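Protein chains in written order, with this note's numbering: chain X, 1 to 115; chain W, 1001 to 1114.
Below: the structure, in structure tokens.
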Amino acid sequence: AQKITQTQPGMFVQEKEAVTLDCTYDTSDPSYGLFWYKQPSSGEMIFLIYQGSYDQQNATEGRYSLNFQKARKSANLVISASQLGDSAMYFCAMREGNNFNKFYFGSGTKLNVKP
Amino acid sequence: DGGITQSPKYLFRKEGQNVTLSCEQNLNHDAMYWYRQDPGQGLRLIYYSQIVNDFQKGDIAEGYSVSREKKESFPLTVTSAQKNPTAFYLCASGNSGTGYNEQFFGPGTRLTVL
């Protein structure tokens, strides 16, 4: 079974509007971490935000917030006030339990911000 | 500036040849990782190392080898046994101090087999 599922291969959003990128995960371990990365066309991976499974509040980092719904096993990324520079691939990832060195990545969502 | 460097940025190899991709970090991170990314897909873990002289296979280790003789260096060798090596390779590092809650990535090496 897929550990991380991103069902939106591509998304369009108008500049200055908010957009939600979907991510669902699969794990039976009660301890895990969820991550979002941005990959511009240049190829580097940029860390955006982290959510721990025991965190009580949803993580926020500037214009990024993570909508963590534990019962649904979803960890959607919300980008507020989209900018043209937000156009990129976005990857959801998970680190499971006691193996702090193994990360699972989803297949990504390509976001295009329209002027 | 602290960070991760990968070289070369582009690499071309003939079939049947081994090739080594370089990864160096000056972040003093304990852990280092190698990922492979194919077009339109996410990252898949090849190898990782938590400490010097120790490394573990990831999900797709066949046809690859690594070494970790120094904390700051984690080179990846793509051997001739790797059947389809053309891909984008990303190196990353992580710190035990943050519970490995963040991985820092290098700029990547794009390998093409001719």
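Virtual Cβ for every residue (Gly too), placed ideally from N, Cα, C.
In this text the structure is predicted, and so the values were computed from the model without any measurement.
- Annotation: the continuous beta strand (DSSP E) that includes Asp-1054 of chain W extends over 1054-1057.
- Chain-ordered listing is empty here: chain W has no CB closer than 9 Å to the CB of Met-11 of chain X, the nearest sitting near 15 Å.
- Only Gly-33, Phe-35, Tyr-37, Gln-39, Ser-42, Gly-43, Glu-44, Met-45, Ile-46, Phe-47, Tyr-50 and Gly-52 from the stretch 27-55 of chain X bring a Cβ to less than 9 Å from some Cβ of chain W.
- When Cβ-Cβ separations below 7 Å define contact, Ser-107 of chain X makes contact with chain W.
- Annotated as distal: Tyr-1064 of chain W and Tyr-1048 of chain W, with beta-carbon spacing of 7 Å or more.
- DSSP places Phe-105 of chain X inside the beta strand (DSSP E), whose first and last residues are 103-105.
- Distance check between Leu-84 of chain X and each of X:Asn-112, X:Leu-77 and X:Lys-70 places X:Asn-112 closest, using alpha-carbon atoms only.
- Under DSSP, the beta-bridge partners assigned to Glu-1024 of chain W are W:Thr-1005 and W:Ser-1073.
- Taking the Cα positions, Gly-52 of chain X is about 43 Å away from Leu-1114 of chain W.
- DSSP lists X:Lys-38 and X:Thr-109 as the beta-bridge partner residues of Tyr-90 of chain X.
- Considering only W:Asp-1054, W:Val-1066, W:Glu-1015 and W:Ile-1004, the residue with the shortest C-alpha distance to Lys-1083 of chain W is W:Glu-1015.
- One finds Leu-1045, Tyr-1048 and Gly-1058 in chain W with Cβ atoms closer than 8 Å to the Cβ of Lys-102 of chain X, taken in chain order.
- By the rule that beta-carbons nearer than 7 Å mark a contact, Gly-1063 of chain W does not touch chain X.
- By the neighbour-count criterion, in which a residue is buried when 16 or more other Cβ atoms sit within 10 angstroms of its Cβ, Pro-1039 of chain W is exposed.
- Comparing alpha carbon positions, the residue from W:Ile-1051, W:Ser-1007 and W:Leu-1045 closest to Lys-1057 of chain W is W:Leu-1045.
- A Cβ-Cβ separation of about 14 Å leaves Thr-1109 of chain W out of contact with Leu-1043 of chain W under the 8 Å criterion.
- Here Gln-1037 of chain W is buried, its C-beta having at least 16 other C-beta atoms within 10 Å.
- With 16 or more other Cβ atoms inside 10 Å of its own Cβ, Asn-76 of chain X counts as buried.
- Listed along chain X, the residues sitting closer than 7 Å to Leu-1090 of chain W by beta-carbon distance are Met-45.
- Not a single CB atom of chain X sits nearer than 7 Å to the CB of Gly-1016 of chain W.
- The three-state reading of DSSP puts Gly-85 of chain X in helix, counting H, G and I together.
- Listed along chain W, the residues sitting closer than 8 Å to Phe-91 of chain X by beta-carbon distance are Gly-1042 and Leu-1043.
- Straight through space, the alpha carbons of Ser-82 of chain X and Phe-68 of chain X are spaced by roughly 20 Å.
- The alpha-carbon separation between Val-1066 of chain W and Asp-22 of chain X amounts to approximately 35 Å.
- When DSSP assignments are scanned along the stretch 42-80 of chain X, the uninterrupted stretches of beta strand (DSSP E) that are 3 or more residues long and fall wholly within it turn out to be 46-52, 64-69 and 74-79.
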